[in-house]
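Just below is one structure, and these are the notes that go with it.
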């Protein structure tokens with residue numbers, strides 16, 4: 017029951033991360049490159065890395081809370 021409630025409430029807040037990841041990866045890539053195609057390719061790579069890192073942190077926290 018608690019997990020279902022957590023998922024119902026937490027998914028809405030997670031949507032705030034989408035524009036943040038996009039903006040952060042675009043700005044970071046734009047500071048490194050000047051050509052648009054290189055900026056977009058680098059931003060996609062950085063965005064993937066950020067999402068993967070966030071997912072890894074989520075898994076660690078989920079495992080820690082499961083063990084409580």
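Residue numbers (the working numbering): 17 to 84. No residue lacks a Cβ here, since even glycine has one placed at the ideal position from N, Cα and C. Keep in mind that this is a model prediction, so the values were computed, not measured.
State the DSSP-derived secondary structure class of residue i, mapped to helix, strand or coil.
i: residue 30; result: helix
How close, in whole Å, do the beta carbons of residue i and residue j come, if the pair is a contact with beta carbons under 8 Å?
i: residue 63; j: residue 37; result: 5 Å
i: residue 33; j: residue 70; result: 7 Å
i: residue 73; j: residue 40; result: Actually they do not touch by this definition, with Cβ atoms about 16 Å apart.
Quick one: is residue i buried, meaning 16 or more other Cβ sit within 10 Å of its Cβ, or exposed?
i: residue 59; result: buried
i: residue 45; result: buried
i: residue 55; result: buried
Starting from residue i, trace the alpha helix (DSSP H) in both directions and tell me its first and last residue.
i: residue 61; result: 52-82
Kindly say whether residue i, judged by its beta-carbon, lies nearer than 7 Å to any beta-carbon of chain B.
i: residue 51; result: As a matter of chain content, chain B is missing from the structure shown, which is built from one protein chain.
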